[in-house]
Amino acid sequence: MNKERVVITGLGVVAPNGTNVSEFKNAIKNGRGGIRYLEELKTLKFSCQIAGYPIYKNDYLNKYFNPIQLKGLNASGLEYGVIAGVDAWKDAGLSISDDAKSPLWDCGVIFGTGILGVDKFREAIHKVDDGNVRRLGSNTVIQTMASGISAFLGGMLGCGNVVTTNSSACSTGTEAILMAYDRITQGEAEIILAGSTSDSGPYVWGGFDAMRILPYKYNDNPTEASRPMSASASGFVPGSGAGALVIESLDSAQKRGANIYAEILGGHVNSGGQRNGGSMTAPNSEAVQRCITKAVDNSGIHPDDIDAINGHLTATTKDPVEIQNWCKALGRQGADFPYVNSLKSLVGHCLAASGSIESVATVLQLKENFIFGNINCEDLHPEIASIVHRDQIPTKTLDFSANIIAKASFGFGDVNACVIFKKYNLM
Amino acid sequence: MTNKELLSKLKTIITPYVQNQVGLENLTEDTDFIKDLEINSANLVDVILDVEDEFDIEIDNEAMEKMLTVKASIEVIEDKLAKK
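Chains as they are written, first to last, in numbering that gives the first Met the number 0: chain A, 0 to 426; chain B, 0 to 83.
Put into structure tokens, the structure is as follows:
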């Protein structure tokens, strides 16, 4: 059966090291990160007082939100998602339909998040507890419902197809891309804005600090804190931001004469059922391997066709296990292993936003012929060094024209997602 | 506070919520917030909260339900100010 070909025609990103695609691309090429010390976290007695979060001036929001939407806006994830989403839409050469026209029936939004508008929710909790519920105003619900992000984007763009928010912890962004891909291959939509976003701040990151899974020895040295694949990795640095990709049928992209960044060959989403080594917080390795294998099969490629991997690789003790899973799933190791990198060394773990931000990075690598370098893994973990050749884990950005890159994300709840991106060729 | 001052303050409060600018330019006492100014009905509660802040008054649910036109709003505000 001939599947409908699906391509990526627009990108948007709001990351700790760049709040638009060109800034972000320069940052990842040059090994420039976005992890910083936060005085607020020290005051609040966090062990880990560093984080990766996007920085922009407040008036930047005027480009994206109207004065009514800005009034009482206190939801960072909503800001990031709208900026990234609208940027991607415009980057794809799509216009923003005015509200007098009918909706775009063939265009949808699948934009995930873990939790939205935490600061707004805190504001509301204080008012409610003070017996002042009547003073909440009309914007508490729209900024704190999880689907606030897809609702805002859907309304701004006038989308009339699926408009929804998915949520699967740290695999949310990658899952959103595959949900969009599936819907388009089924012929149910032509264009879907897919992505994910994650709020900033102590109320989002606190729970992870309490689990003692964040590094606490780098408060004076934030750029060295996030150490995926390193022997001295001591936990993930919390992050935030949003990534967005316009996913479109090749047919529609060609009709519009759109710029094509890359093709999506396929992918797979699964769960380890929290069995056989899997738990709420740890992945079942069999499921991870199965997810990768199924993604490869679904894409109609051979494991040897994969030139590079953009891993989940968070900088916890699980990194060697992830590398081992890739080795087993692909049947490749040593110098035969594909290049592998982790964006988290530069920006930290952007949680629900990680899959989409990292997918934007992956697609940029395919389009612009480079493999960005991993920082902070000069001291490669010995278990990784024993199965993958050092050269396959570049510490400096390489000029390399990859044809196929695999991207995977894994999340709490023992959920996995793997997508296969390919350089776009007409044939 | 004169009626004119009150009207001017009310106009400043509702301006950010107005979606029909022509209606705003032709604002009179008879102007209806939803029909003439196309203020989203969900935003009416925000207008009320802004009025409360501006005039330092509290508007109960019953009074709020009346505040659909400029005239009715001014009456409610004047009434609450008098009772302060």
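Glycine included, C-beta positions come from ideal geometry on N, C-alpha and C.
No experiment lies behind these values; they were computed from the predicted model shown.
- For A:Pro66, the chain B residues whose C-beta falls within less than 7 Å of its own C-beta are Pro15, listed in chain order.
- For B:Leu26, the three-state secondary structure derived from DSSP is coil.
- Contact between A:His348 and A:Thr394 fails: their C-beta atoms lie close to 20 Å from each other, not under 8 Å.
- With respect to the C-alpha of A:Leu342, the residue from A:Lys366, A:Thr396, A:Gly113 and A:Ala334 having the closest C-alpha is A:Thr396.
- A Cβ-Cβ separation of about 17 Å leaves A:Ala360 out of contact with A:Leu177 under the 8 Å criterion.
- Legend: CB atoms of the region 124-154 of chain A lying less than 7 Å from CB atoms of chain B belong to residues Arg134, Gly136 and Ser137.
- The beta carbon of A:Arg134 sits closer than 6 Å to those of Lys126, all from its chain and outside the five residues before and after it, given in chain order.
- Contacts with chain B (Cβ-Cβ distance below 7 Å) from the region 84-106 of chain A involve no residue at all.
- A:Ile190 is a Cβ neighbour of A:Glu247, given a cutoff of 8 Å.
- In the structure shown, A:His125 falls within a helical segment according to DSSP collapsed to helix, strand and coil.
- Secondary structure remark: continuous alpha helix (DSSP H) runs of at least 4 residues inside the region 80-117 of chain A: none found.
- With the criterion set as a beta carbon lying under 7 Å from some beta carbon of chain A, the members of the region 39-51 of chain B are Ala41, Asn42, Val44, Asp45 and Leu48, in sequence order.
- Judged by DSSP secondary structure, A:Gly410 falls within the beta strand (DSSP E) whose first and last residues are Ile403 to Gly410.
- CA-CA distance, A:Ser149 to A:Asp181, rounds to 18 Å.
- Contact between A:Glu3 and A:Ile259 does not hold, since the beta-carbon distance rounds to 15 Å and is not under 8 Å.
- Its Cα nearest to that of A:Tyr215, the residue A:Phe45 stands out among A:Phe45, A:Tyr423, A:Ala405 and A:Asn160.
- Your pair A:Pro337 and A:Ile386 does not check out as a contact, with CB atoms roughly 13 Å apart and the cut at 8 Å.
- Separation of A:Tyr63 and A:Val81 (C-alpha to C-alpha, rounded to the nearest whole angstrom) is 7 Å.
- Under the 8 Å criterion on CB atoms, A:Lys70 is classed as interfacial with respect to chain B.
- Taking a cut-off of 8 Å for Cβ pairs, the region 74-91 of chain A and the region 146-160 of chain A touch, as three or more such pairs fall below it.
- The C-beta distance from A:Asn218 to A:Ile34 rounds to 11 Å, too long to meet the 8 Å contact threshold.
- Non-local C-beta neighbours of A:Thr18 in its own chain, meaning closer than 6 Å and more than five positions away in sequence, comprise Pro53 and Tyr55, ordered along the chain.
- The beta carbon of A:Val13 is closer than 6 Å to those of Pro53, Tyr79, Ile82, Ala83, Gly240 and Ala241 in its chain, skipping five residues each way along the sequence.
- In this structure, A:Ser225 places its C-beta atom within 8 Å of the C-beta atom of A:Ser344.
- The beta-carbon distance between A:Ala179 and A:Asn160, rounded to whole angstroms, is 10 Å. This is too long to meet the 8 Å contact definition.
- In this structure, A:Gly30 lies away from A:Val236, with their beta-carbon atoms at least 8 Å apart.
- When secondary structure is reduced to three states using DSSP, A:Lys44 falls in the coil class, being assigned neither helix nor strand.
- Put simply, the region 269-287 of chain A touches the region 310-330 of chain A. At least three CB pairs are less than 8 Å apart.
- Within its own chain, the residues whose Cβ lies closer than 7 Å to the Cβ of B:Lys10, once the five positions on either side in sequence are excluded, are Leu26, listed in chain order.
- Here B:Asp29 has Thr68, Val69 and Lys70 as same chain residues with Cβ atoms under 8 Å from its own Cβ, once five neighbours each way along the sequence are excluded.
- A:Gly272 sits exposed, since fewer than 16 C-beta atoms from the chains shown fall within 10 Å of its C-beta.
- Here A:Leu10 really is in contact with A:Val362; their C-beta atoms are around 6 Å apart, less than 8 Å.
- Straight across, the Cα-Cα distance linking A:Ser270 with A:Gly412 is about 8 Å.
- Residue pairing of A:Val339 in beta bridges, as defined by DSSP: A:Ile308.
- Per DSSP, A:Cys417 is one residue of the beta strand (DSSP E) stretching across Val414 to Lys421.
- In this structure, the CA atom of A:Ala232 is about 6 Å from the CA atom of A:Thr315.
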